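Numbering (my numbering), first residue to last: 3 to 124.
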Amino acid sequence: YLNFYEDGRVLYALTSKPPHEVIPTFLKVKSTNTQVKSTVFGKYEIQKDLVTVDIEHPWHHVKLFLRVLKDGYIGARGRFWALSFEKHLSSGSNNFDEYWSRDLVQHEVPNEPFRYLRDWRL
């Protein structure tokens, strides 16, 4: 799960829980402005329609490349309401150079786009 903040921070939670169980966790983080056990703050940048997300766990670094889909997809409510995964990388050393890194892992990404979950409390 990703929760984007306007100041360039992103809250990241890697869990198999359904959204109705994750939203209270995100609300707690938002109200206290501190991470809880299952979440990590990262940074994101947007250039045109490409979103780069950098997340640093104590044991590993994650980099996500996402694309904002202009026309969304079936089931999305309007334009710019869906993201697709372009690339998902991880590295223990935080070296994401695809040629020189010795511990870079490129993970498979889903083909299906995912949409935003809107919750007015977030």
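No residue lacks a Cβ here, since even glycine has one placed at the ideal position from N, Cα and C. Because the structure is a prediction, the values reported are computed rather than measured.
- Annotation: LYS30 is outside any beta strand (DSSP E); the continuous alpha helix (DSSP H) that includes it extends over 21-34.
- With a contact defined as Cβ atoms closer than 8 Å, VAL70 and GLY44 miss out at about 18 Å.
- Look at the beta carbons and you see the region 87-106 not touching the region 7-25: under three pairs across the two are nearer than 8 Å.
- Restricted to the region 36-78, the beta strand (DSSP E) segments that are unbroken, complete and at least 3 residues in length are 41-49, 52-58 and 63-71, listed in chain order.
- Under the DSSP assignment, LEU91 falls in the beta strand (DSSP E) whose first and last residues are 84-93.
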